[in-house]
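All remarks here apply to the structure that follows.
Numbering (the working numbering), first residue to last: 1176 to 1295.
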């Protein structure tokens, strides 16, 4: 199976902060994989978390990037120099806002599935 054909879900949603996805294994934030193996190093911290709509690597400490990522919903400057920003939403921020405002339960898990499909 190609990674591009595996649907992803937004498994964590925190209003006014971020929406998180990229766990293509367990779909709950506990798994993931990348073309580089389980983890890979931080590339650089030159781009800062200055605005909504930035794509950034989710990690559990230095050099622990995998496949999980988040999209910022506000300025999140406390994440600077800890998470690598690698992109920006250029079209579809309305969709990010819709996911951000979905009802959540438990550990900020959406009550309704928020699925990424037909991407790549």
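From the three backbone atoms N, C-alpha and C, an ideal C-beta is built for every residue, glycine too.
Under DSSP, the beta strand (DSSP E) around residue 1278 begins and ends at which residues?
One-based indexing of the chain shown puts residue 1278 at position 103. Premise fails: residue 1278 is in no beta strand (DSSP E) and is neither H nor E.
Between the region 1208–1217 and the region 1227–1240, do at least 3 Cβ pairs fall closer than 8 angstroms?
yes
Opposite residue 1269 in the DSSP bridges: which residues?
Stepping through the chain shown from its first residue, residue 1269 is reached at position 94. None, per the DSSP bridge assignment.
Give the DSSP-derived three-state secondary structure of residue 1229 in the structure shown.
Counting from one through the chain shown, the residue named residue 1229 turns up at place 54. Looking at residue 1229 - three-state DSSP - the assignment turns out to be strand.
Own chain residues within Cβ distance below 7 angstroms of residue 1289, not counting five before or after:
Sequence index remark: in the chain shown, residue 1289 carries index 114 (1-based). Closer than 7 angstroms at the Cβ level, and outside the excluded window around residue 1289, lie 1184, 1185, 1274 and 1277.
Would you call the region 1203–1211 and the region 1249–1258 in contact, with 3 or more CB pairs under 8 angstroms?
no
Residue 1285 bridges to which residues according to DSSP?
On the chain shown, residue 1285 is found 110 positions in, with the first residue counted as 1. Paired residue(s): 1279.
Can you check which of these residues, 1191, 1270 and 1244, is closest to residue 1202 by C-alpha distance?
Against the chain shown, residue 1202 aligns to sequence position 27. Among 1191, 1270 and 1244, the Cα nearest to that of residue 1202 belongs to 1244.
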